[in-house]
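Before any comments, here is the structure.
Numbering (full-length UniProt numbering), first residue to last: 1 to 391.
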């Protein structure tokens, strides 16, 4: 296949009278990153496929320029913050010029590819320090809205002051001994409770698995059969519980006393109470749920027990992550038929893809494991019965 690069350019915000920043905003505004923003120093990438008809390159460029007038953080660059409470931290410089030059990085890169059949693929990479998946999605949706001539909805909220460190700082929770525990000396159980280590020459591989609508239905029925409440478990809870058990089995824990724990990223916008965070917030507000159990408890018990552990922990935060509306992206020719995030090969990482509204009801997941464990995962991921464990 021959690929022809037709143009490469910097797209700057196109302000108008209706912009939330005004028609001529200052280009020296510095916005310190919050503690949520500082956690991340990587890019988030994905591709989006659209059937014809599709807008012209000029229309896409104009729409992006108007969207950046509302989400101008993505047109800035990262700099060092200076201030009493932010010295030594990073900040966003809203210079509207992007970052072109030695030692500087763009915070948003976009590639538009048009195929001979008329289909359009939009690829992008956006810096995680600027915003989380939800904020990134809202910016992309705004691009589609501006390309169609629609009003940007929701209205972005740029104020990050609520998450800046207090001065003087107040420590209201004893993190020592709770989140960070010093291991005991000469603990005879350490070796027994530790998961098997990967070989030095092993590599992490990623496998894309598709669970059919029928499999998901059977999974939910099996999990909810042992539910202690009248409310059935959700697709998300059941699928994560199933994957958790499969990953534990594939990792070689085999029902021992090692603790297996999930780290589930969830959208904190709907859950935070002080301060309250609006849906249009443009920064990072990723919270975490940490359901945990011993491998023996997880594998010996029914699927519903794992689903209940997940439900309880996620209820403390929120399960809105599964509802990030990537498939609502529309440039005027209809919603996308393909959404695929970038691959981050980290052992034990699972990315459950949002189900396509035009699909058959199946759900796909990207699962990353060391290659030595991947075959074991493939053997059990479509089984509703976990093999006998070593008791």
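Ideal placement from N, C-alpha and C gives every residue a C-beta, glycine not left out. These numbers come from a predicted model, not from an experiment.
For residue i, the three-state DSSP class (helix, strand or coil)
| i | result |
| --- | --- |
| residue 330 | strand |
| residue 138 | helix |
| residue 301 | coil |
| residue 68 | helix |
| residue 36 | helix |
| residue 316 | coil |
| residue 224 | helix |
| residue 340 | strand |
| residue 309 | helix |
| residue 352 | strand |
| residue 48 | strand |
| residue 113 | strand |
| residue 146 | helix |
| residue 432 | Outside the modelled stretch of the chain, which goes from 1 to 391, sits residue 432, for which no answer is possible. |
| residue 368 | strand |
| residue 265 | strand |
| residue 3 | coil |
CB-CB length for residue i against residue j, believed under 8 Å
| i | j | result |
| --- | --- | --- |
| residue 225 | residue 233 | Contact flag wrong, Cβ pair sits at about 10 Å. |
| residue 163 | residue 267 | Residue 163 to residue 267, Cβ: 15 Å. No contact. |
| residue 249 | residue 376 | 7 Å |
| residue 341 | residue 46 | 4 Å |
| residue 76 | residue 109 | So it is not a contact: roughly 14 Å between Cβ atoms. |
| residue 68 | residue 11 | 7 Å |
| residue 15 | residue 125 | In fact, because the Cβ distance is near 25 Å, the residues do not count as touching under 8 Å. |
| residue 306 | residue 241 | 4 Å |
| residue 295 | residue 253 | 4 Å |
| residue 130 | residue 347 | In fact, because the Cβ distance is near 27 Å, the residues do not count as touching under 8 Å. |
| residue 89 | residue 97 | That pair is no contact at about 22 Å. |
Distance CB(residue i)-CB(residue j) smaller than 7 Å
| i | j | result |
| --- | --- | --- |
| residue 156 | residue 70 | yes |
| residue 333 | residue 50 | yes |
| residue 381 | residue 209 | yes |
| residue 31 | residue 91 | yes |
| residue 314 | residue 289 | yes |
| residue 373 | residue 352 | no |
| residue 73 | residue 282 | yes |
| residue 137 | residue 326 | yes |
| residue 291 | residue 262 | yes |
| residue 370 | residue 48 | no |
| residue 141 | residue 329 | yes |
| residue 132 | residue 35 | no |
| residue 52 | residue 118 | yes |
Candidates the options, of which the one nearest residue i by Cα
| i | options | result |
| --- | --- | --- |
| residue 257 | 370, 137, 299 and 269 | 299 |
| residue 105 | 113, 59, 296 and 128 | 128 |
| residue 219 | 263, 201, 243 and 260 | 243 |
| residue 33 | 374, 139 and 79 | 79 |
| residue 145 | 43, 335 and 92 | 335 |
| residue 120 | 17, 138, 352 and 56 | 56 |
| residue 343 | 206, 384 and 241 | 206 |
| residue 95 | 40, 27 and 139 | 27 |
| residue 212 | 361, 38, 60 and 59 | 361 |
| residue 368 | 202, 3 and 237 | 202 |
| residue 393 | 35, 142, 9 and 114 | The structure shown has nothing for residue 393, since the chain only spans 1 to 391. |
| residue 5 | 58, 278 and 112 | 112 |
| residue 143 | 61, 304 and 316 | 61 |
| residue 58 | 8, 25 and 40 | 8 |
| residue 264 | 280, 236 and 275 | 236 |
| residue 284 | 359, 54 and 41 | 41 |
| residue 311 | 17, 148 and 238 | 238 |
| residue 147 | 160, 66 and 23 | 66 |
| residue 355 | 260, 324 and 160 | 324 |
Boundaries (first-last residue) of the alpha helix (DSSP H) holding residue i
| i | result |
| --- | --- |
| residue 211 | Taken as a continuous stretch (DSSP letters only), residue 211 belongs to no alpha helix (DSSP H), being part of the beta strand (DSSP E) at 204-211. |
| residue 240 | 235-250 |
| residue 372 | 371-380 |
Run of the beta strand (DSSP E) containing residue i, from where it starts to where it stops
| i | result |
| --- | --- |
| residue 261 | 259-261 |
| residue 288 | 286-289 |
| residue 94 | 90-94 |
| residue 127 | 120-127 |
| residue 77 | 77-80 |
| residue 294 | 292-294 |
| residue 41 | Here residue 41 belongs to no beta strand (DSSP E), and DSSP marks it neither H nor E. |
Contact with chain D by residue i, beta-carbon distance below 7 Å
| i | result |
| --- | --- |
| residue 78 | The chain inventory of the structure shown lacks chain D, comprising one protein chain alone. |
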